[in-house]
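Sequence lines, in order, name chains V and H.
Here the first sequence is numbered in my numbering, starting from -12 and rising by one per residue.
Here the second sequence is numbered in my numbering, starting from -12 and rising by one per residue.
Glycine included, each C-beta is placed from N, C-alpha and C at the ideal position.
Each remark here refers to the structure printed beneath this line.
Protein chains: 2
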Amino acid sequence: PVCAVLHQSTKTNLLNSLTPEENTQCQHGLYFQDGERRVDYILTYHIKKPSSSRSNRQSSRFTDNAFTRSLRRGTARLGRPPPPQPRGDPEVASQDHSMDYHEDDKRYRREEFEGNLRDMGLELEKDEDTKTPGVGFVKIHAPWHVLCREAEFMKLKMPTKKVYEVKQCSGVGAKINTLVNKATEPLHPNVEENRGQHVKHLSYAFSREKQHLFDLSDRDSFFDSKTRASIVSVSSLCRPNPPLHNPSRCSLFQLLYEEWASYSVFYKYQPIGLVRKYFGEKIGLYFAWLGLYTQMLIPASLVGVIVFLYGCATVDNNIPSMEICHPRNNITMCPLCDRACNYWKLKEACGTARASHLFDNPATVFFSIFMALWAAMFMEHWKRRQMRLNYEWDLTGFEEEEVSALLSVSCISLLFPTEIAEEPTNKWKQTVQSAMAGLKLVLLVSSPPPPGLIPVTSFQIGVTFAIVFGVILYRISITAALHMSNNPTTRSNVRLMVKTTAAIINLVVILILDEVYGAVARWLTVLEVPKTDRSFEERLIFKTFVLKFVNAFTPIIYIAFFRGRLVGRPGSYLYVFESYRMEECAHGGCLMELCIQLSITMLGKQLIQNNLFEIGIPKLKKLIRYIKSKRRSFQEEEREKKLQRYETDHFLEPFAGLTPEYMEMIIQFGFVTLFVASFPLAPLFALLNNIIEIRLDAKKFVAELRRPVAARAKDIGIWYNLLRGVAKVAVIINAFVISFTSDFIPRLVYQYMYSPDGSMHGFVNHTMSYFNVSDFQDGKEPMDPHHLGYQVEMCRYKDYREPPWSNTPYVVSKEFWAVLAARLAFVIVFQNVVMLMSDIVDWLIPDIPKDISLQIHKEKILMVELFMKEEQGKMQPNYEKQKQSPCTMPSCQTIQ
Amino acid sequence: PVCAVLHQSTKTNLLNSLTPEENTQCQHGLYFQDGERRVDYILTYHIKKPSSSRSNRQSSRFTDNAFTRSLRRGTARLGRPPPPQPRGDPEVASQDHSMDYHEDDKRYRREEFEGNLRDMGLELEKDEDTKTPGVGFVKIHAPWHVLCREAEFMKLKMPTKKVYEVKQCSGVGAKINTLVNKATEPLHPNVEENRGQHVKHLSYAFSREKQHLFDLSDRDSFFDSKTRASIVSVSSLCRPNPPLHNPSRCSLFQLLYEEWASYSVFYKYQPIGLVRKYFGEKIGLYFAWLGLYTQMLIPASLVGVIVFLYGCATVDNNIPSMEICHPRNNITMCPLCDRACNYWKLKEACGTARASHLFDNPATVFFSIFMALWAAMFMEHWKRRQMRLNYEWDLTGFEEEEVSALLSVSCISLLFPTEIAEEPTNKWKQTVQSAMAGLKLVLLVSSPPPPGLIPVTSFQIGVTFAIVFGVILYRISITAALHMSNNPTTRSNVRLMVKTTAAIINLVVILILDEVYGAVARWLTVLEVPKTDRSFEERLIFKTFVLKFVNAFTPIIYIAFFRGRLVGRPGSYLYVFESYRMEECAHGGCLMELCIQLSITMLGKQLIQNNLFEIGIPKLKKLIRYIKSKRRSFQEEEREKKLQRYETDHFLEPFAGLTPEYMEMIIQFGFVTLFVASFPLAPLFALLNNIIEIRLDAKKFVAELRRPVAARAKDIGIWYNLLRGVAKVAVIINAFVISFTSDFIPRLVYQYMYSPDGSMHGFVNHTMSYFNVSDFQDGKEPMDPHHLGYQVEMCRYKDYREPPWSNTPYVVSKEFWAVLAARLAFVIVFQNVVMLMSDIVDWLIPDIPKDISLQIHKEKILMVELFMKEEQGKMQPNYEKQKQSPCTMPSCQTIQ
């Protein structure tokens, strides 16, 4: 039985970060015994007893590799009878995992699989006598003709011999360019590839018939290590990220280690080209995206800070808060609850009113429009960057390899849940997963759409809402209970205590549910039996995203739009469940509380999820695995050092996909855009986090994870759509925050409709209605009516209601409706104007940068010329001479 | 000098529609003199005197063909010195058009051009001795090896020998399928291709190295006529739609003529496959799109009719109109204008109130939501249909041919305005155009972005607004003037007369401006010097669209949202320019007038633009050209009949692109979706129009126009984006129509906030405010206060204002603000809910139909298998035998 385990060659030490010097010691694991043939790929299998080839696990994966291979290579096998179909019935999947079954069958299957690999032209070398007990290794080398064949089949674009000059700006443009380059010199990483290239190789889909076009003088480096590995992985196995052993090229690794995965270069651009060279396009795109996002956050946080400073600077000139704080305006306010609360002076709200002004001033309106356009700009810039990278990485014209993806999913994703049994310890998990594999097979056979997925998702969203409501209830009841107590010091501490505990409970609930929902989303997606890897991934991401998003933002939305809305009025406060009052915001309005909640959630999520989960837990896992293996083998650390490269990689964490990284960032993007109207410092916090995040992720990929198989990708897929969705929702939410949560609209309405002199003087008075104390129903008046030291006859409360002396006392007034209409009109105008502006930004900025489209055009013309020359050559007698390229024809085609 | 003129072979008679019998007579024009070689392409040039080769026009086009050829084929020319660059300075372009210049130079250039064509392997035959005086013809034949070479170069996907079975549904699905097929049997055209195909040929990009894959047994039909022509056009000339002569295949033409371009088959599906076979993908896509749109209009117009009938059925149960019409409720209304108007009875508005109900009932709200979703569904269906057609037409994986497009635009679109001088009569136009060509060359050389385009566009939109405003002023002033006259019969006819004349003026203005704006948009785009043909076309379309759209919808938007809004109140009506009063709507509200305006504009546009312009004018033009040529040649009709095919095509209208067709349809789509809330019959009118339109366009393409060069296209390009834009705007406009133009929201507010018993009784009374006649200012009271026969003390008017006895008489009331808030809230809810639902529809319906994606997958796997077999074959000794396909290797490569 063979088991595919991820490997990475770049790590020799455990737990300590590795130095490049140590790295060079272990070159000997990178070649076959003859020291000539490079190891392109590693298969590992578990051996039950060190000296026997029997094992108790993972045979199913092995046979399925063989099964799929037979599917794809069926016609290539020479005269061999097809292997017995191992997956006839779903029961086998679970049976395979029970102990000591079908040992001989499994051994036969492995041998046949290895035979098939050899038939395809791959060269194998076994190494069962390793220092790692219980694991056997099969090294795979792909010879030149196999690489050629598969590269042609995969339509890999390779650089041709044809070189052309990339046009540089001339005249003034060039001078500016040179100046800018000089100025940004220290920001560039110390690697070759980032410097301006003046020549570029024309690329063309590799084909053996056209191989005279390519420079094949150095065959060892024509296909680089990541390409070789992915060729082997596509051609021999169907697992999308199967074991891969990193060959030499320590210099590339060293460069990445020094110029990328280090906190000391945090201010520099990333060497994206090198990242792509080492990890492949998919991971390269992630880091390019993260880099662009971080870069774009710089102007956003700058403007955010300016907006915040503007608030700070104008706080002393703000007439409404001046009026609240003015000692002369000593308005008596109505109690905020029945019986327990007392009359209070408006002056008490002075502090919150001043603080609110920091986040509730005209600049925030400007800032939320700015951020909506910023989001649109970010999208557009990303499209352009992506296009540029596609061009630079020769991906133009590349279509997603559907065949291999479909094949791989047909054998792996459906028969096995992803990440099956990488962790040998968790027996229960394994059992569930193999049972699920069986279930999925059944679904695959009968193939009706599994019912009831939407109910489950709705149920989960319901759970989130219920928990949010629970937290609210907790707050309400604690407040009520504490209010009831007669101890004045307790009561004074009520608000602070309740707020803090509630926010922390919220945060903890969010963090826990995040993990739970991730698992549930995966389970739901598995039930859906999607047809391809990509669709599986996209559905999973979408579900996870929806759940995590709802989870993260429900409490915030509650505070922004529902809290303090339906509270009733003094004398007839609204109650839910007869005893719990609806929550009210503090004196200064809900904006302040929204701000606090936002900063706690955002900072807490970032600190705990990033630092604790992303750094701490992998370290811990590695430690555990290391200790275990030590205990098992009783070997000293010295021997450890002499392990083969592929053995040391065995102790690294497997690569689990980019989804968590993207997900974290997109939730952060939500914080940055959704409520930016009430928290202009969000971009700054995000920026600070991301500067660390980039290097953190880089370190993780370089030193903590097994090296993933390079995956080709043209774009970031569904993430782009999710970003667009968040940006769209952000517009609406910001419109509502500005018009309903902040006092922006009431101020405007007062200024232009009611103010006698067009100033804000009298605004505070205008927003407060009158209440006649004699209208208190029995049992609802304050217990201590003389608390303020005088008899109160009329008190005030913040609402637009008719005064006691009108015909219809305490009914909502005309002002209420006028302000409401203004608020709603603002929402409509804001939403449509901002959406229109975003569309215009989208439309004005071309998706393909001009220089790139010109170069693509130029390359096409050069390619045409090249073929024309060839065409011409065919008609002339010296045709054969031209074709005598470094790689002569027979070398590729006649071997075997 | 050579001039490229469009040709079409399918028409022998002029003015009368042609019968296929007549068509077969003229086969002799389709071959070279030897009767063997097929004519794939025709060049024509004008000869000044019949027997001389000199001419006075069009030399520039000829030389530019040569120029471009040298650009593209530069490297393929064998040892010849490059021709003198003819376009060194911009002046040449205009000089070329002056008479009798550089005759010898031109002759030299033409000969060199023809020589270049021969060098490329094309075979030419001249025919200067035609019956059409002043025109010489060069017939071009592309031999097999040229076709092979160019098809490989263009990466044309051709069917291979490999055939596979398309999986049919089995079991219940199959039975249902058969039933449906039987039921729709009469709806299918009588052509082979539409029947369910059980086998399909695998397609693969043609290449000579892989030609053993293709079935080359019948070389004459391997590349069909449209492919041959486009191969020649791409390979030899850079003009995107250069002359093309239609070869035989009369049967295909006949089929199209009978089963497509005929009114008698109006109820059938279109034979899209045949249309594409004859006209190419671009035109095929247009008709497929038009067909789908028409099909989708069927359910829309059904629901629309039901909604209308619902209105008719409930008109007698409608409480508000019952209250208005009830003789007891004889409310005295205030005069609608100062002095001239009299008090009137509410009963007079009975008719309009009843009529309004037809378009203003809850069903219309439902209908506008339905239509928004319908639009989203239409988009999605089109995406799927397009994908299916792409698959069926082997366009998957095809990228737009940027190289040829760029090349062609670099020589043609920038040096010559499109459609230059096809009409030899218009000297002035020609001069302007050649001057513009010079201008463009200058712009091309200096290449700064031309300034002030946005001002020009804004100016045009301003003109539109000004004209709309002018029409409004006309209406206001006429009304005022007629009101002033004391003749009662005149006054009673005022409204009708004014409305009719105004609507007709509007329509005429729209029609005229449409033409003007089309020309201006073209001019503006030419100024912008776009880089590619596609970008030129898209910019032109976008500009034309914006102008035409504004033109068509401004008067309607005025009526829907502005008319009758700011009219003031009795006693203080608002005046503009001191004497003109703002227009008011009739008693029943503005919805009725909106409806009238909509139907007049829509029907008028369709009737006049489609029937008059599309049918009448081409017929007229053809007649003129025919008469002219007759006068010139003095030939009898009998001789006319024996003309070569290419000579008869000379009299057909050139193909001017699909833009007008699409534009007409997208404006119609605007009428169908934008104001559907107020005019539920719009889809029905559109449907009736389109059923005719399809066959009308078909007839035009088959019989009235020269056959266009087949253009490949994967999608309908910018039109899709415009459709999306219209659908988006429609949501917002419908939201506003429902909430502001109709009385839907006031009714709801009354029912749930004010009605004493929850019914609509009393609504009419509630919407009308009181006015005390004694509050009339001097000179504003009616001239004839006793008109109704009694002394009026209190009159009513439709508005929410405080009564005379309140503290603040005639100020807008609380109800006004409440209703306004409700209206605005409805807009927000409607817009966001409908947009969300559209997004969900978009997301739920996969872009690629499931069966297509499965088949594409299957084809890829088959292709892999095929290559695997080949790979295997190479390793075996009988390899050479396998390669001996019908087309032997040397035949393609060794000729020449």
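Here DSSP, grouped into helix, strand and coil, assigns residue 754(H) to coil. Its chain contains 176 and 246 as the residues whose beta carbon lies nearer than 7 Å to that of residue 252(H), once the 5 sequence neighbours on both sides are disregarded; these appear in chain order. The beta carbon of residue 136(H) sits closer than 9 Å to some beta carbon of chain V. Contact between the stretch 247 to 267 of chain V and the stretch 319 to 327 of chain V is absent, with fewer than three C-beta pairs closer than 8 Å. Here residue 640(H) is bridged, per DSSP, to 692(H). Here the C-alpha atom of residue 792(V) lies approximately 39 Å from the C-alpha atom of residue 298(V). Among the CB atoms of chain V, one or more fall inside 9 Å of the CB of residue 140(H). Collapsing the DSSP output to three states places residue 147(V) in a strand.
Nearest CB-CB separation between residue 819(H) and chain V: below the 9 Å threshold. In this structure the stretch 307 to 314 of chain V does not lie against the stretch 716 to 724 of chain V, because fewer than three pairs of beta carbons, one per stretch, are closer than 8 Å. When 7 Å is used as the limit between beta carbons, residue 801(V) is near these residues of chain H: 801 and 804, in chain order. For residue 854(V), the chain H residues whose Cβ falls inside 8 Å of its Cβ are 140, in order along the chain.
Among the CB atoms of chain V, one or more fall inside 9 Å of the CB of residue 858(H).
Of all residues in the stretch 696 to 729 of chain H, only 719 come within less than 8 Å of chain V when Cβ atoms are compared, listed by chain position. By the neighbour-count definition (other C-beta atoms within 10 Å, threshold 16), residue 97(V) is a buried residue. Around the Cβ of residue 653(V), a 10 Å sphere holds 16 or more other Cβ atoms; the residue is buried.
Contact between residue 143(H) and residue 127(H) does not hold, since the beta-carbon distance rounds to 19 Å and is not under 8 Å. With 16 or more other Cβ atoms inside 10 Å of its own Cβ, residue 497(V) counts as buried. Taking the CA atoms as reference points, residue 525(H) sits about 55 Å from residue 783(H). Cα atoms of residue 581(H) and residue 546(H): separation of roughly 6 Å, rounded to the nearest angstrom.
If you compare the alpha carbons of 445(H), 493(H), 211(H) and 815(H) with that of residue 588(H), the shortest gap goes to 493(H). With a threshold of 9 Å between beta carbons, residue 814(V) makes contact with chain H.
At least 9 Å separates the CB of residue 680(V) from every CB of chain H. For residue 25(H), the beta-bridge partners assigned by DSSP are 18(H).
One Cα belongs to residue 799(H), the other to residue 802(V), and the distance between them is close to 12 Å. At a C-beta separation below 8 Å, residue 196(H) has these neighbours in chain V: 196.
For residue 778(H), the closest of 785(H), 769(H) and 850(H) by C-alpha to C-alpha distance is 769(H). By the neighbour-count criterion, in which 16 or more other beta carbons inside 10 Å mark a residue as buried, residue 785(V) falls on the buried side.
Contacts between residue 808(H) and chain V, judged by CB atoms closer than 7 Å, involve 804, 807, 808 and 811 in chain order. When the beta-carbon positions are compared, residue 807(H) and residue 808(V) come within less than 9 Å of each other. A Cβ-Cβ separation of about 6 Å places residue 277(H) in contact with residue 681(H) under the 8 Å criterion. Residue-level contact by beta carbon fails for residue 760(H) and chain V, as no gap is shorter than 9 Å. The residue from 363(H), 664(H) and 102(H) with its alpha-carbon nearest to that of residue 292(H) is 664(H). Between residue 23(V) and residue 505(V), the alpha-carbon positions lie close to 46 Å from each other.
Residue pairing by DSSP places residue 331(H) opposite 320(H) in a beta bridge. Taken atom to atom, the span from the alpha-carbon of residue 275(H) to that of residue 364(H) is near 16 Å.
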